[in-house]
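All remarks here apply to the structure that follows.
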Amino acid sequence: MLDKNGIAKRIAREVKDGMYVNLGIGIPTLVANYIPAGVEVVLQSENGLLGIGPFPFEGEEDPDLINAGKQTVTTLKGSSFFDSAMSFGMIRAGKVDLTILGAMEVSEQGDIANWKIPGKMVKGMGGAMDLVASAKHIIVAMQHVNKAGESKLLPECSLPLTGRRCVKKIVTELAVLDVLPEGGFKLLERAPGVSVEEIVRSTAGKLIVEGEIPEMKLD
Amino acid sequence: MKKVVKDADAAIEGIQDGMTLLVGGFGLCGIPENCIAALVRKGVKGLTCISNNAGVDDFGLGLLLQHRQIRKMISSYVGENAEFERQMLSGELEVELIPQGTLATRCLAAGYGMPAVFTPAGVGTEVAEGKETRTFNGKEYLLEYAFDAPFAIVKAWKGDTVGNLIFRETARNFNPLMAMAGKLTIAEVEELVPAGELDPDHIHTPGIYVHRIFQGPVYEKRIEQRTVRKRG
Numbered sequence: 346m347l348d349k350n351g352i353a354k355r356i357a358r359e360v361k362d363g364m365y366v367n368l369g370i371g372i373p374t375l376v377a378n379y380i381p382a383g384v385e386v387v388l389q390s391e392n393g394l395l396g397i398g399p400f401p402f403e404g405e406e407d408p409d410l411i412n413a414g415k416q417t418v419t420t421l422k423g424s425s426f427f428d429s430a431m432s433f434g435m436i437r438a439g440k441v442d443l444t445i446l447g448a449m450e451v452s453e454q455g456d457i458a459n460w461k462i463p464g465k466m467v468k469g470m471g472g473a474m475d476l477v478a479s480a481k482h483i484i485v486a487m488q489h490v491n492k493a494g495e496s497k498l499l500p501e502c503s504l505p506l507t508g509r510r511c512v513k514k515i516v517t518e519l520a521v522l523d524v525l526p527e528g529g530f531k532l533l534e535r536a537p538g539v540s541v542e543e544i545v546r547s548t549a550g551k552l553i554v555e556g557e558i559p560e561m562k563l564d
Numbered sequence: 008m009k010k011v012v013k014d015a016d017a018a019i020e021g022i023q024d025g026m027t028l029l030v031g032g033f034g035l036c037g038i039p040e041n042c043i044a045a046l047v048r049k050g051v052k053g054l055t056c057i058s059n060n061a062g063v064d065d066f067g068l069g070l071l072l073q074h075r076q077i078r079k080m081i082s083s084y085v086g087e088n089a090e091f092e093r094q095m096l097s098g099e100l101e102v103e104l105i106p107q108g109t110l111a112t113r114c115l116a117a118g119y120g121m122p123a124v125f126t127p128a129g130v131g132t133e134v135a136e137g138k139e140t141r142t143f144n145g146k147e148y149l150l151e152y153a154f155d156a157p158f159a160i161v162k163a164w165k166g167d168t169v170g171n172l173i174f175r176e177t178a179r180n181f182n183p184l185m186a187m188a189g190k191l192t193i194a195e196v197e198e199l200v201p202a203g204e205l206d207p208d209h210i211h212t213p214g215i216y217v218h219r220i221f222q223g224p225v226y227e228k229r230i231e232q233r234t235v236r237k238r239g
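Top line first, the protein sequences correspond to chains C and H. Going by my numbering, the first sequence opens with residue 346, and the numbers climb by one from there. Going by my numbering, the second sequence opens with residue 8, and the numbers climb by one from there.
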């Protein structure tokens, strides 16, 4: 079974040289730490920055330079700034190759719910609806089951949707799965030490298991 | 042409109870601090604020919330403010949440003189309820209208006496869009210079979109999430 960093490490293997990538808050942010040497990617921050650099050294924080999580960051060689309309323009136009984000639920059709729990304080969707509606490739990073032990991979989402039929791949602490265009979660890889039976037990939506399922490679 | 006003109190003249304001900034980054303070002093009430976020409890639009001056917020994300949550749950404050790109593009449309735009954000979700949709090349889009607001309040890094603006780093965010979208746009700047001192090639917002401008006496520029790394 993987921890959060393990999930991030596995997703980092999906990131290819030359990609423009938008990382959501939480586990997706950690992916930046594991991008393999020799793979050059440009991280997009939807508040108006291409080329997100590392956190600044203490004393060098700049209040004008933050990421979409409102954290102080830095620029890199080749970074650029732009306004919010252009930022979502490049997202909408499909210029951003890959979006990695968290989810509360994903359906076997690729629907995603990650912004609202009825009855709880709703903070808003931020840029998530724009991102999932337009990204060419969407990978969801999440736990396979919620805190109550219920599967988050469902036949249908029960929570209000963020987007419809958009998720292509899911990486959890247990498995890597593709969402097939015709519907269903296709099991691709098991996390180290996790059995297919455990993944079957933890998946409420339609799970497709064909042949031998290999264990994930992380390095 | 006289766009320069002496201070924030003069800049916000004409903003009255019940009006809709576009307010620039992302989180606490690039917010018009001096104009917000002037609105608190003026005590206008029942405002509708279109702004990506709602500040924190004691800074940004949170100050207007503290004084119960906002009736409705139109935002994409409002998570950082306990007083906001209290007013929202008690029903004192109306909140309309819209996708961030939709918010930006509805400003852009207003500034470009387009009544509406089509966007895929929110298709198939509750954001789409009651909205016109149309299919282009097999993909469904929502019709979203340009904002119509009498005032926009923005913050820039540098400005000149004819209203040209230059923004700095990610403090640009919604500011140039809201500057374009307002019927009357108020810009506060860190440094106000005579016309001719800014390179015309470096202007982000041409002065035609700006009606009143002043240099803020102080900028706190509070950091919301201070994240650093260790040296060495």
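No residue lacks a Cβ here, since even glycine has one placed at the ideal position from N, Cα and C. All figures in this text were calculated on a predicted structure; none of them were measured in a lab.
Using a Cβ cut-off of 9 angstroms (strictly closer), state whether alanine 178(H) contacts chain C. yes
Where glycine 472(C) meets chain H, residues with beta-carbon distance less than 8 angstroms: Ser83, Pro106, Gln107 and Gly108
What do you get for glutamate 40(H), buried or exposed, if any count of 16 or more other CB atoms within 10 angstroms of its CB means buried? buried
Please identify the residue among His482(C), Asp475(C) and Cys502(C) whose C-alpha is closest to the C-alpha of glycine 434(C). Asp475(C)
Leucine 110(H) and asparagine 59(H): beta carbons closer than 9 angstroms? yes
Please classify glutamine 416(C) as buried or exposed, where buried requires at least 16 other C-beta atoms within 10 Å of its C-beta. buried
Proximal residues of chain H, C-beta to C-beta of asparagine 392(C) below 7 angstroms: Phe33, Thr177 and Asn180
Just confirm the distance between the C-beta atoms of glutamate 453(C) and glycine 529(C), as a whole number of angstroms; I'd bet it's less than 8 angstroms. 5 angstroms
Tell me which same chain residues have a C-beta within less than 8 angstroms of the C-beta of glutamine 94(H), skipping the five on either side of it? Leu72, Arg75 and Leu100
Could you spell out where the beta strand (DSSP E) holding cysteine 42(H) opens and where it closes? First-last for cysteine 42(H): 40-49, but that is the alpha helix (DSSP H), not the beta strand (DSSP E).
Whole angstroms is fine: what's the gap from arginine 113(H)'s alpha carbon to methionine 121(H)'s? 9 angstroms
Which residue comes first and which comes last in the alpha helix (DSSP H) that contains cysteine 114(H)? 107-118
Leaving aside the five residues before and after lysine 146(H) along the sequence, list all residues of the same chain whose C-beta is less than 7 angstroms from its C-beta, in chain order. Pro127
Cβ of glutamine 232(H) within 9 angstroms of any chain C Cβ: yes
Helix, strand or coil at valine 225(H) [DSSP, three-state]: coil
Express the C-alpha separation of serine 390(C) and histidine 482(C) in angstroms, rounding to a whole number. 17 angstroms
Would a check of beta-carbon distances place serine 432(C) closer than 9 angstroms to chain H? yes
Run through chain C and tell me which residues come within less than 9 angstroms of cysteine 114(H), C-beta to C-beta. Ser429 and Ala430
Does the distance from the CB of alanine 117(H) to the CB of alanine 188(H) come in under 9 angstroms? yes
Flag this pair as yes or no: are the beta carbons of isoleucine 457(C) and valine 512(C) separated by less than 9 angstroms? yes
When you compare only the Cα positions, how much space is there between leucine 496(C) and valine 490(C)? Inspection of the sequence shows that residue 496(C) is occupied by serine rather than by leucine. Cα-Cα distance, rounded: 4 angstroms.
Am I right that arginine 230(H) and glutamate 406(C) are in contact with their C-beta atoms under 8 angstroms? What's the rounded C-beta distance? Sequence inspection shows isoleucine at residue 230(H); the arginine mentioned does not correspond to that position. Yes, isoleucine 230(H) and glutamate 406(C) are in contact; Cβ-Cβ is about 6 angstroms, under 8 angstroms.
Any C-beta of chain C under 9 angstroms from that of leucine 184(H): yes
Nearest CA to the CA of glutamine 23(H): which residue from Gly31(H), Leu54(H), Val12(H) and Pro207(H)? Leu54(H)
For lysine 465(C), count neighbouring Cβ atoms within 10 angstroms of its own Cβ and tell me buried if that reaches 16, exposed if not. exposed
Can you grab the Cα-Cα spacing for the pair glycine 108(H) / aspartate 348(C), in whole Å? 32 angstroms
Quick check: is the beta carbon of methionine 466(C) nearer than 9 angstroms to any beta carbon in chain H? yes
Alanine 123(H) to arginine 179(H) span [Cα, whole Å]: 23 angstroms
If I'm right that isoleucine 160(H) touches leucine 205(H) with Cβ under 8 angstroms, what's the distance once you round it to whole angstroms? Actually they are not in contact, since the Cβ atoms of isoleucine 160(H) and leucine 205(H) sit about 21 angstroms apart, beyond 8 angstroms.
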